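K.L.:
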Amino acid sequence: MEIILQNVTKRFDKVIAVNDFTTTIEGGKLSALLGPSGCGKSTLLYVLSGITPLTSGKIFFDNVDVSDLEPEKRGIGLVFQNYALYPHLTVKQNISFPLQIQKVAKEEIEQRVSEMAKLVHISELMDRKPSQLSGGQQQRVAIARAMVKRPRLLLLDEPLSNLDARLRLEMREEIRRIQLETKVTTIFVTHDQEEAMSISDQIILMKSGIMQQIAPPQSMYEDPKNVFVADFLGNPQINKVYGKIIHEQFVLRDSDTTCDHEKFKGIANESNVILSLRPESIDLATNNDMIAFNAKIVDIYQMGKERLVYLAFDEHLLRAYIDIDHQLNIDDIIPITLKDRGVFVFDESTEERLR
Amino acid sequence: MKKQTLNKIIIYTLLILGGIVMIFPFFWMFSSAFKTAAETASFPPKWIPSIPQFLNFAKALDYAPFDRYLINSLIVTIANVTLTMISTILAAFAFSRLKWKGRDTVFTLMLALMMVPFEMLVITNFQTIANWGLSDRLLALIIPFTASIFYTFILRNFFMSIPDSLYYSAKIDGASNWQYLWKVMVPIAKPSIITILLLNTIVSWNSFMWPLLVINSRGNRTLPLGLYAFITEAGTHFELLMAASTMIVIPIIILFLIARKSIVNGVARGGLKG
Amino acid sequence: MMKKNILSINPRLRKRIEPYLYLLPFIIGIGIFTLYPITYVFITSFKEGFKYITGAFEGFGLDNYQYVINDANFISALKNTSIYVMVVVPISTGLAILIANLLNKKIKFIGFFQTVYFLPLVTSITAVGLAWKFMFNHNYGVINYFLSLLQIDPINWLLVPKNNIYALIIFGIWNILPFTIILLLSGLQNINEMYYTAAKVDGASNFQIFYKITIPLLAPTIGLVLIINMISTFKVFTELFPLFNGSPGIAYNLYTVVYYIFDQFYIKWKFGRACAAALILFLIIFVLTRLQLYIQRKWQHY
Chain A
-8 MEIILQNVTK
2 RFDKVIAVND
12 FTTTIEGGKL
22 SALLGPSGCG
32 KSTLLYVLSG
42 ITPLTSGKIF
52 FDNVDVSDLE
62 PEKRGIGLVF
72 QNYALYPHLT
82 VKQNISFPLQ
92 IQKVAKEEIE
102 QRVSEMAKLV
112 HISELMDRKP
122 SQLSGGQQQR
132 VAIARAMVKR
142 PRLLLLDEPL
152 SNLDARLRLE
162 MREEIRRIQL
172 ETKVTTIFVT
182 HDQEEAMSIS
192 DQIILMKSGI
202 MQQIAPPQSM
212 YEDPKNVFVA
222 DFLGNPQINK
232 VYGKIIHEQF
242 VLRDSDTTCD
252 HEKFKGIANE
262 SNVILSLRPE
272 SIDLATNNDM
282 IAFNAKIVDI
292 YQMGKERLVY
302 LAFDEHLLRA
312 YIDIDHQLNI
322 DDIIPITLKD
332 RGVFVFDEST
342 EERLR
Chain B
18 MKKQTLNKII
28 IYTLLILGGI
38 VMIFPFFWMF
48 SSAFKTAAET
58 ASFPPKWIPS
68 IPQFLNFAKA
78 LDYAPFDRYL
88 INSLIVTIAN
98 VTLTMISTIL
108 AAFAFSRLKW
118 KGRDTVFTLM
128 LALMMVPFEM
138 LVITNFQTIA
148 NWGLSDRLLA
158 LIIPFTASIF
168 YTFILRNFFM
178 SIPDSLYYSA
188 KIDGASNWQY
198 LWKVMVPIAK
208 PSIITILLLN
218 TIVSWNSFMW
228 PLLVINSRGN
238 RTLPLGLYAF
248 ITEAGTHFEL
258 LMAASTMIVI
268 PIIILFLIAR
278 KSIVNGVARG
288 GLKG
Chain C
26 MMKKNILSIN
36 PRLRKRIEPY
46 LYLLPFIIGI
56 GIFTLYPITY
66 VFITSFKEGF
76 KYITGAFEGF
86 GLDNYQYVIN
96 DANFISALKN
106 TSIYVMVVVP
116 ISTGLAILIA
126 NLLNKKIKFI
136 GFFQTVYFLP
146 LVTSITAVGL
156 AWKFMFNHNY
166 GVINYFLSLL
176 QIDPINWLLV
186 PKNNIYALII
196 FGIWNILPFT
206 IILLLSGLQN
216 INEMYYTAAK
226 VDGASNFQIF
236 YKITIPLLAP
246 TIGLVLIINM
256 ISTFKVFTEL
266 FPLFNGSPGI
276 AYNLYTVVYY
286 IFDQFYIKWK
296 FGRACAAALI
306 LFLIIFVLTR
316 LQLYIQRKWQ
326 HY
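Protein chains in written order, with the working numbering: chain A, -8 to 346; chain B, 18 to 291; chain C, 26 to 327.
#1: Verify whether the separation of the beta carbon atoms of residue 83 of chain B and residue 77 of chain B is less than 8 Å.
#2: List the residues of chain C that residue 107 of chain B touches, going by C-beta distances under 9 Å, in chain order.
#3: In this structure, does DSSP put residue 250 of chain A in helix, strand or coil?
#4: Would you say residue 93 of chain C lies against chain B (beta-carbon separation less than 8 Å)?
#5: Which residue wins for smallest C-alpha separation from residue 44 of chain A, given the options A:105, A:27 and A:58?
#6: Give every residue of the same chain whose Cβ lies closer than 8 Å to the Cβ of residue 126 of chain C, excluding the five residues on either side of it in the sequence, and list them in chain order.
#7: Out of B:268, B:47, B:197 and B:114, point me to the one whose CA is closest to residue 89 of chain A's CA.
#8: Residue 171 of chain C to residue 248 of chain B, Cα distance in whole Å?
#9: In the DSSP assignment, find the unbroken alpha helix (DSSP H) run with residue 109 of chain B in it and report its ends.
#10: What does a CB cutoff of less than 7 Å around residue 28 of chain C pick up in its chain, not counting 5 residues either side in sequence?
#11: By the criterion of Cβ-Cβ separation under 8 Å, what are the contact partners of residue 299 of chain C in chain B?
#12: For residue 165 of chain C, which of helix, strand or coil comes out of DSSP?
#13: Within a Cβ cutoff of 8 Å, which residues of the same chain sit near residue 109 of chain C, ignoring the five residues on either side of it in sequence?
#14: Just to confirm my understanding: we take residue 289 of chain A, look at its own chain, exclude 5 residues before and 5 after, and list those with CB closer than 6 Å. What are they?
#15: Quick check on DSSP: helix, strand or coil for residue 102 of chain A?
#16: Check whether the stretch 270 to 288 of chain B touches the stretch 237 to 254 of chain B, taking contact to mean three or more Cβ pairs, one atom from each stretch, closer than 8 Å.
#17: Can you round the beta-carbon distance between residue 250 of chain C and residue 208 of chain C to whole angstroms, since I take them to be within the 8 Å contact cut?
#18: Flag residue 36 of chain A as yes when its Cβ comes closer than 7 Å to any non-hydrogen atom of the ligand FMN, and as no otherwise.
#19: For the stretch 98 to 111 of chain B against the stretch 204 to 221 of chain B, do three or more pairs of beta-carbon atoms, one drawn from each stretch, fall closer than 8 Å, so that the two count as touching?
#20: Name, please, each residue of chain B whose Cβ falls closer than 8 Å to the Cβ of residue 78 of chain A.
#21: What residue from C:118, C:290 and C:228 has the CA that sits closest to residue 244 of chain C's CA?
#22: In terms of residue numbering, what span does the beta strand (DSSP E) encompassing residue 0 of chain A cover?
#23: Tell whether a beta-carbon distance below 8 Å holds between residue 148 of chain C and residue 271 of chain B.
#24: Going along the chain, which residues of the stretch 24 to 41 of chain A sit with their C-beta nearer than 7 Å to a C-beta in chain B?
#25: Since residue 88 of chain C is in the alpha helix (DSSP H), which residue starts that stretch and which ends it?
#26: With 8 Å as the limit, tell me which residues of the stretch 170 to 190 of chain B have their beta carbon closer than that to any beta carbon of chain A; keep them in chain order.
#27: Measuring only the C-alpha atoms, how far is residue 160 of chain A from residue 154 of chain A?
#28: DSSP three-state call for residue 192 of chain A: helix, strand or coil?
#29: Name, in chain order, the residues that DSSP records as bridge partners for residue 311 of chain A.
#30: Do the stretch 157 to 177 of chain C and the stretch 80 to 91 of chain C meet, that is, are 3 or more Cβ pairs less than 8 Å apart?
#31: Using only the alpha-carbon positions, how far apart do residue 247 of chain C and residue 285 of chain B sit?
#32: From residue 41 of chain B to residue 208 of chain B, what does the alpha carbon distance come to, in whole angstroms?
#33: Measuring only between beta-carbons, confirm whether residue 250 of chain B sits less than 8 Å from chain C.
#34: Thinking C-alpha only, which one of C:130, C:111 and C:103 is nearest residue 286 of chain C?
#35: Between the C-alpha atoms of residue 31 of chain C and residue 236 of chain B, what's the straight-line distance to the nearest angstrom?
#36: Taking only beta-carbon atoms, is residue 129 of chain A less than 8 Å away from chain B?
Right, dumping it as structure tokens:
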């Protein structure tokens, strides 16, 4: 089911939680609603569900305007952050609940519930109460309960945040698997960019109620629209230095230190810019590589197959993944080259991408 | 080790002595209920009747229609408890889950009303019941007790502790407020509801002042009122009075033995209030 | 198009009305039997020469209040009630502190002891009051028998007016003890175990622990209990019926405030005066309740 948001706005008294949101979310995909806490992503999820009424704007589900539709009429399933399982009902009764409300025939309930239990792998837990389940099991039950209605849209609010690290990895694969098996249009809210990057088909990135970019994870990572998007994705965080373009050369602010790269060509002279460098875009210059600048090695962390190197670029500390084959020592001054991928130039005032 | 044993002996001795004082009136009531008239008036007192006079109970029933009183008490208590529970559940839901204009103002006003002693309301309610032509009818004992601010307050507080997400979850599943209340909230609040039912049962069963005001005819008396009237009817037959008292006290004692924890917890949370 | 409009308005209207429907049974009950009586009592207390049958009255004024505060019976009611409160509340609270501490020990049969101590909580005052009346009997009452074992002359509790209040007080203390114990016990159970452990480690004796730790930590609960019991004992009324056959003491010597109200409206049919007395009772209780709320707020951790 395709979802179209048109100028969707939600205002709480003075706070604008969702601001003039316009986008199209493709059907049949797993989409992540990503952003820092308080950015309005959960509000947007609840606006989509109908629990939170819109202030203005329109929402279409497959070209049908659902903006004023009651939540129960939108054909959605919703999984809450705390799972919201009914504590007095068994797992089976919990999953049956939506169908009983819809007065589905008994045999059909029985069949659909066991089908769901099989899908989320909880068939052996059917007679337990929620308090007798682990966090991951509760999560599965909550998903089963949301899915048993065969919703057109499945919404998950921070589905992994209440789980410990190991379970989180397991459950995020599970959510991916269930979505792929059922092909239900799914939107989940998360503040964890790694989570969003690892399982979603597309990411909708938000900041202070405003949409920043919507794109598949890899293309958002490689092609960020603005400084915020570049900053938010990637671990370790992207390196960021401020400066000016002078004669197609980047000059660090308050310094004479320069940096050379193909990407600076064609940028107007004297423009103030932000240069963002992904750690993996920084490498030791060899042979014919264009030397961007020279840097001193401050620290080296060997992490399995990777090597994180801290470099002093003038007064700035840069994080870089440098090929493990190179022999490096602390305090060495090495020539640095910048790859094409992962090097971004932004206009300082608008924070929009220039290159 | 020795000091501990001594401590325990002191504790048990004190508890037993105090316990005897506390339970003595009940012992005296039950024991006297089986005495002959002469035994009740013997000095030094006769602790245990030589031959238990089971007939005392039958005689008490002969003197006054305690079976009728019992039925009246049952009718009134069940009606009070049921009606109050319904209005309490609905109102607690409105005060906790539903959003409406003036909710908090009305709630604050209700809390303020809790301060008003029932004894003050009695004057007007007596007239209201008379004006409605309900005087001396069982309905007069039921109608004024269909709502309670206190119980509503207790239940509302419990309802507030149920996470909102359960409500929205049920909403999305298509449950109406009505379905959500009865299928989710009420089952979850079962312990609180049972406590309220028990407290209200005790208060209603023992209620004396109000029936005294509005009931005159014999056929409409409840047990406490019937017992009070029996003081004059039985004359000096103390053993019959005690037999009648026993009949009133026993059902509630049984209830207490069954549900002591729930009742005590309820009392600790705010007490028995009429 | 028209049809759709109607459908989309109706649910919204329904949604707005719905909460009030849930509230309705409660509001009707409270409105008629709590809210209305308060305004009625307030207004009637100022009506002069009010006749219940016709509803006629001569005007508004302070006549009823003037009568009530000068009425010897009311003054005696205030005095008796105050004595009753001042004696019953401290004694029952003191005893309850002791008993609650004993019942808080981790020993065997504690459930049994709790049942025994809490029994008067649930039983009808009329029924147990009769047993007490029997026990108070001058000639063959069991209380006088126990006194005789201690070489004390028999007391005529019920038939000599000056002794009436002692009987009422003893019955009152016994009656209010369970409730008081329960509140104090729950207060005790809220005290963190670590304080006791710490004190024991420091070598404090049991008495020192009780005096230096339990009592101060229990102070908020004790304060609360004192006020709650003052409010409830101030309304003493039902206890008079089994003990004195429905009269306030054997010679109308033991009026209480609530009995005075009852007497004015139910027996003498002076509604204006009854309302004035009721309003005075309300004022006293109001002050005590404010005090209770103040204590509760001051000791939030209770």
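Virtual Cβ for every residue (Gly too), placed ideally from N, Cα, C.
Only a predicted model underlies this, so the values are computations on that prediction, with no experimental measurement involved.
P.N.:
Inspection of the coordinates gives the following:
#1: Translated into positions along the second sequence, residue 83 of chain B becomes position 66. Translated into positions along the second sequence, residue 77 of chain B becomes position 60. Against a cut-off of 8 Å, the Cβ pair of residue 77 of chain B and residue 83 of chain B comes out as a contact.
#2: Translated into the one-based positions of the second sequence, residue 107 of chain B becomes position 90. Neighbours of residue 107 of chain B on chain C, chain order: 46, 47, 48, 49, 50 and 51.
#3: Within the first sequence, numbered from 1, the residue matching residue 250 of chain A stands at position 259. Residue 250 of chain A carries a strand assignment under DSSP once its states are collapsed to helix, strand and coil.
#4: Locating residue 93 of chain C in the third sequence gives position 68, where the first residue counts as 1. Closer than 8 Å to the CB of residue 93 of chain C there is not a single CB belonging to chain B.
#5: For this step, residue 44 of chain A is matched to residue 53 along the first sequence. Out of A:105, A:27 and A:58, A:58 has the C-alpha closest to the C-alpha of residue 44 of chain A.
#6: The count along the third sequence starts at 1 and reaches residue 126 of chain C at position 101. Excluding sequence neighbours, residue 126 of chain C sits near 213, 235 and 239.
#7: Numbered from 1 along the first sequence, position 98 holds the residue referred to as residue 89 of chain A. Nearest of B:268, B:47, B:197 and B:114 to residue 89 of chain A, Cα basis: B:197.
#8: Along the third sequence, read from residue 1 onward, the residue named residue 171 of chain C stands at position 146. Along the second sequence, read from residue 1 onward, the residue named residue 248 of chain B stands at position 231. Using only the alpha carbons, I get a separation of about 26 Å.
#9: Translated into the one-based positions of the second sequence, residue 109 of chain B becomes position 92. For residue 109 of chain B, the enclosing alpha helix (DSSP H) starts and ends at 83 to 113.
#10: Counted from its first residue, the third sequence places residue 28 of chain C at position 3. Low confidence applies to residue 28 of chain C: its pLDDT is 44, below 50, so where it sits in the model is not reliable, and the reading given next is rough at best. Annotation for residue 28 of chain C: no residue places its beta carbon closer than 7 Å to its own, counting only its chain and skipping 5 residues before and after.
#11: Here residue 299 of chain C refers to the residue found at position 274 when the third sequence is read from its first residue. In chain order: 140.
#12: Within the third sequence, residue 165 of chain C is the residue found at index 140, counting from 1. Residue state, collapsed to three classes: coil.
#13: Sequence index remark: in the third sequence, residue 109 of chain C carries index 84 (1-based). Here residue 109 of chain C has 190, 193, 194, 197, 258, 261 and 281 as same chain residues with Cβ atoms under 8 Å from its own Cβ, once five neighbours each way along the sequence are excluded.
#14: Position 298 of the first sequence, counting from 1, holds the residue named residue 289 of chain A. Excluding sequence neighbours, residue 289 of chain A sits near 301 and 303.
#15: Taking the first sequence and counting its residues from 1, the one referred to as residue 102 of chain A is at position 111. Of the three classes helix, strand and coil, the one that applies to residue 102 of chain A here is helix, per DSSP.
#16: By the criterion of at least three beta-carbon pairs nearer than 8 Å, the stretch 270 to 288 of chain B is not in contact with the stretch 237 to 254 of chain B.
#17: Residue mapping note: residue 250 of chain C aligns to position 225 of the third sequence, counting from 1. Residue mapping note: residue 208 of chain C aligns to position 183 of the third sequence, counting from 1. Rounded to whole angstroms, the Cβ separation of residue 250 of chain C and residue 208 of chain C is 5 Å, and the two are in contact under 8 Å.
#18: Summarising the ligand content, the structure contains no ligands, and the ligand FMN is consequently not present.
#19: Taking 8 Å as the limit for Cβ pairs, the verdict is that the stretch 204 to 221 of chain B does touch the stretch 98 to 111 of chain B.
#20: Sequence index remark: in the first sequence, residue 78 of chain A carries index 87 (1-based). Neighbours of residue 78 of chain A across chain B, judged by C-beta separation under 8 Å: 205.
#21: Within the third sequence, the letter at position 219 stands for residue 244 of chain C. Of the listed residues, the one whose Cα sits closest to residue 244 of chain C is C:118.
#22: Numbered from 1 along the first sequence, position 9 holds the residue referred to as residue 0 of chain A. Element bounds for residue 0 of chain A: -6 to 3.
#23: Locating residue 148 of chain C in the third sequence gives position 123, where the first residue counts as 1. Locating residue 271 of chain B in the second sequence gives position 254, where the first residue counts as 1. No, Cβ-Cβ distance for residue 148 of chain C and residue 271 of chain B is not below 8 Å.
#24: Correct list: 40.
#25: In the third sequence, counting from the first residue as 1, residue 88 of chain C sits at position 63. Element bounds for residue 88 of chain C: 88 to 95.
#26: Here the close residues are 180, 182, 183, 185, 186, 187, 188, 189 and 190.
#27: Position 169 of the first sequence, counted from the first residue, corresponds to residue 160 of chain A. Position 163 of the first sequence, counted from the first residue, corresponds to residue 154 of chain A. Roughly 9 Å between the two C-alpha positions.
#28: Taking the first sequence and counting its residues from 1, one reaches residue 192 of chain A at position 201. It is coil, neither helix nor strand.
#29: Position 320 of the first sequence, counted from the start, is the residue given in the question as residue 311 of chain A. A:300.
#30: They do not touch, by the three-pair rule.
#31: Taking the third sequence and counting its residues from 1, one reaches residue 247 of chain C at position 222. Taking the second sequence and counting its residues from 1, one reaches residue 285 of chain B at position 268. Here the alpha carbon of residue 247 of chain C sits roughly 13 Å from the alpha carbon of residue 285 of chain B.
#32: For the purposes of this step, residue 41 of chain B is identified with residue 24 of the second sequence, where counting begins at 1. For the purposes of this step, residue 208 of chain B is identified with residue 191 of the second sequence, where counting begins at 1. Looking at the two C-alpha atoms, the distance is approximately 32 Å.
#33: Position 233 of the second sequence, counted from the start, is the residue given in the question as residue 250 of chain B. Residue 250 of chain B is outside the set of residues whose beta carbon lies under 8 Å from a beta carbon in chain C.
#34: Position 261 of the third sequence, counted from the first residue, corresponds to residue 286 of chain C. Ranking C:130, C:111 and C:103 by Cα distance to residue 286 of chain C puts C:103 first.
#35: Taking the first residue of the third sequence as 1, we reach residue 31 of chain C at position 6. Taking the first residue of the second sequence as 1, we reach residue 236 of chain B at position 219. Low local confidence applies: a pLDDT of 49 at residue 31 of chain C is under 50, so the model's placement there is unreliable, with the coordinate-based value given in what follows. So the two alpha carbons sit approximately 56 Å from each other.
#36: Translated into the one-based positions of the first sequence, residue 129 of chain A becomes position 138. Not flagged as an interface residue toward chain B: residue 129 of chain A, since no C-beta distance is shorter than 8 Å.
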